[in-house]
Amino acid sequence: VNQRFCDLLGYTREELLHGTFQELTHPDDLPRDLDHLQRLLAGVITSYQREKRYLRKNGSIMWANLITTLVRGVEGEPTHFVAVIEDITERKEAEAALRASERRYQRLIDSNIVGITISDLDGHIMDANDALLQLVGYSREDLECGLLRWDVLTSPEYLPLDDRAIAQARRSGAAAPWEKEYIRKDGTRVPVLIGFAVLDEAAGTIVAFILDLTERKQAENRQRALAEASRAFTAVNLQLPVLFDTVAQYVAERLGDGSVLYVLSEDGERLEPMSLYDPDPEARAIARELFAEAPRRTNEGLVGRVIETEQSLLMAQLSSDEVRLLARPDQWPVLERFGIHSFAAAPLCLKGRVVGVLGVWRRTPRQPYTADDLVLLEDLADRAALSIDNARLHQHVEAAVRVRDDVLGAVSHDLKNPITAIKFESQLLARRVERRGMVDPESLVEGLRHIDAMTR
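Take the sequence shown: its letter number 247 is residue 261 in the working numbering, and every next letter is one higher.
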């Protein structure tokens, strides 16, 4: 035993010479060591090399690369073993740390919390997790066939931003996150937040993290649409007919193709159409014939279902039978020509009571309404209901003011006649006093009698 081996394990030379290699070997590695020794003794092999663990005196583990050779005598009998031991603890610890890092990285990729790609700076995507593939609508087979390139996925107007990010990464090793849009396999767009870091500068390999911004963008658009709606409705909310038209047009432009606004009749039995809008003049004429020419009973059709349940309604893909629930049987031929493929409706609610329905439709088969669309429709319906209530209150106040003015006018007229007469009698008595210096008792009594008669 040389001093270097003693130093590696922390034992003295004497301690090692009085011990066995079995005592120094990690228990999990001992069976394989013994097997190799048996094969050496049996002459199956002349030496062996392996990595194993030794136990230091302080209880820690030392990894070693072991080369063992059996030395035999002149007659071939085994005499002793010679072992050459190299300390590889640092290398093994580095390998273990690397494996742990790779496991953490793989867990991050497999978690699919965000989209992750391994690609080069030229655009080729070499690997991607399922989250990214689902985001852009491609399959793993598409990826393996080399169909995915980040420069092809990127909407053209954002390529200058990509170039700027690449230049930044070449300087600093990473690119700060920026927003852009990917083009899905079906041609639709998806907003994303992306950032990346350089993995291998020489090879130009990068790892990118991609966050889907669809929900955030939808929330921003919804808040923006609601703010615009509040301003638009407030600008006209004292004029009911104009307000009805404004609501229908605004909702159609945000959620169309078209929209219709119904208000519950005073007896609660009918839904009266107040306004309808569709940007296509021909479609608007057909829709008016279908939805806005006559009141509807509250227990009929899809709109009636909203009144009965007091719940919003979403029909993403209307079947032919469901489409017919939008109109009377005699209107079905016109309805089929109109071609509604998706429909949604929300109740107009005030103080816990349904006062109307706001409905929207789309004639494009590939753009069905979604749950997010319904949320926006419900929010717009709430604002419309509040504006309608304010307009009605304004009308009631105006009517009350007119009644007050009429009453005051009549009272003023009734009071004005006797007061004028009283004034005339008073002036007559005053003139008599001026002419005569006094008034005789009979004239005074007669004038007072006239005044008394006019105040009864």
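All C-beta atoms in this analysis are idealised placements derived from N, C-alpha and C, irrespective of residue type, glycine included.
A quick note: this is a predicted structure, and the numbers were derived from the prediction, not measured.
Exercise for the section: Would you decide whether Y152 is buried or exposed? Buried here means 16 or more other CB atoms lie within 10 Å of its CB. Expected result: The count along the sequence shown starts at 1 and reaches residue 152 at position 138. Buried.
Handout entry: Anticipated Cβ contact below 8 Å, E303 with V348, distance rounded
Key = As a working note, residue 303 is residue 289 in the sequence shown. As a working note, residue 348 is residue 334 in the sequence shown. Right, their Cβ atoms sit about 6 Å apart.
Exercise for the section: State the beta-bridge partners of H138 as determined by DSSP. Expected result: Within the sequence shown, residue 138 is the residue found at index 124, counting from 1. According to DSSP, which records beta bridges pairwise, H138 is partnered with R163.
Practice task
Keeping to the same chain, check which residues put their C-beta closer than 8 Å to that of Q253; ignore five residues upstream and five downstream.
Solution key: Taking the first residue of the sequence shown as 1, we reach residue 253 at position 239. Answer for Q253: A405, listed in chain order.
Handout entry: 6 Å Cβ shell around V320 - same chain, five flanking residues per side excluded
Key = On the sequence shown, position 306 is the one that residue 320 refers to. The residues are L327, A359, P361 and V371.
Practice task
With a threshold of 16 other CB atoms inside 10 Å of the CB of L332, please say whether the residue is buried or exposed.
Solution key: To locate residue 332, count along the sequence shown from 1; it is residue 318. Looking at its Cβ environment, which holds 16 or more other Cβ atoms inside 10 Å, L332 is buried.
Problem - Inter-stretch contact (C-beta, 8 Å, three-pair minimum) for the segment 262-269 and the segment 384-401 - result: yes
Practice task
Would you grab the beta carbon distance between D134 and L22 for me? Rounded to a whole angstrom, and I think it's under 8 Å.
Solution key: Here the question's residue 134 lines up with position 120 in the sequence shown. Here the question's residue 22 lines up with position 8 in the sequence shown. Rounded, the Cβ-Cβ distance is 44 Å, inconsistent with contact.
Practice task
Compute the distance between the beta-carbons of L51 and T26, then report whether it is under 9 Å.
Solution key: Counted from its first residue, the sequence shown places residue 51 at position 37. Counted from its first residue, the sequence shown places residue 26 at position 12. Going by C-beta atoms, L51 is not nearer than 9 Å to T26.
Problem - Chain-order list of residues whose beta-carbon lies under 6 Å from that of R64 (same chain, five-residue window excluded) - result: By one-based count along the sequence shown, residue 64 stands at place 50. Around R64: L80.
Problem - Same chain, Cβ closer than 6 Å to R53, neighbours up to 5 away in sequence not counted - result: Numbered from its first residue, the sequence shown carries residue 53 at position 39. Answer for R53: I59, listed in chain order.
Practice task
Figure out for me which residue from P309, Y119 and Y291 has the closest Cα to the Cα of D281.
Solution key: As a working note, residue 281 is residue 267 in the sequence shown. When each option's Cα is compared against that of D281, the closest is P309.
Exercise for the section: Output the distance between the C-alpha atoms of E89 and D49, rounded to the nearest integer angstrom. Expected result: Taking the first residue of the sequence shown as 1, we reach residue 89 at position 75. Taking the first residue of the sequence shown as 1, we reach residue 49 at position 35. Cα-Cα distance, rounded: 24 Å.
Handout entry: Straight-line gap, R184 to V212 (C-alpha atoms, nearest Å)
Key = Indexing the sequence shown from 1 puts residue 184 at position 170. Indexing the sequence shown from 1 puts residue 212 at position 198. One C-alpha to the other measures close to 8 Å.
Practice task
Look up I402 in the DSSP assignment and say whether it is helix, strand or coil.
Solution key: The residue labelled residue 402 in the question sits at position 388 within the sequence shown. I402: helix per DSSP, three-state reduction.
Exercise for the section: Starting from K66, follow its DSSP beta bridges and name the residues at the other end. Expected result: Taking the first residue of the sequence shown as 1, we reach residue 66 at position 52. According to DSSP, which records beta bridges pairwise, K66 is partnered with A78.
Handout entry: Any 3 or more C-beta pairs closer than 8 Å across the segment 179-197 and the segment 152-169
Key = yes
Practice task
Provide the residue span of the alpha helix (DSSP H) that contains G272, from first to last.
Solution key: Reading the sequence shown from its first residue, position 258 is the one you call residue 272. Careful: G272 lies outside any alpha helix (DSSP H), inside the beta strand (DSSP E) at G272 to L278.
Exercise for the section: With a 10 Å radius around its C-beta and 16 neighbouring C-beta atoms as the bar for buried, classify D271 as buried or exposed. Expected result: Mapped onto the sequence shown, residue 271 falls at position 257. Looking at its Cβ environment, which holds 16 or more other Cβ atoms inside 10 Å, D271 is buried.
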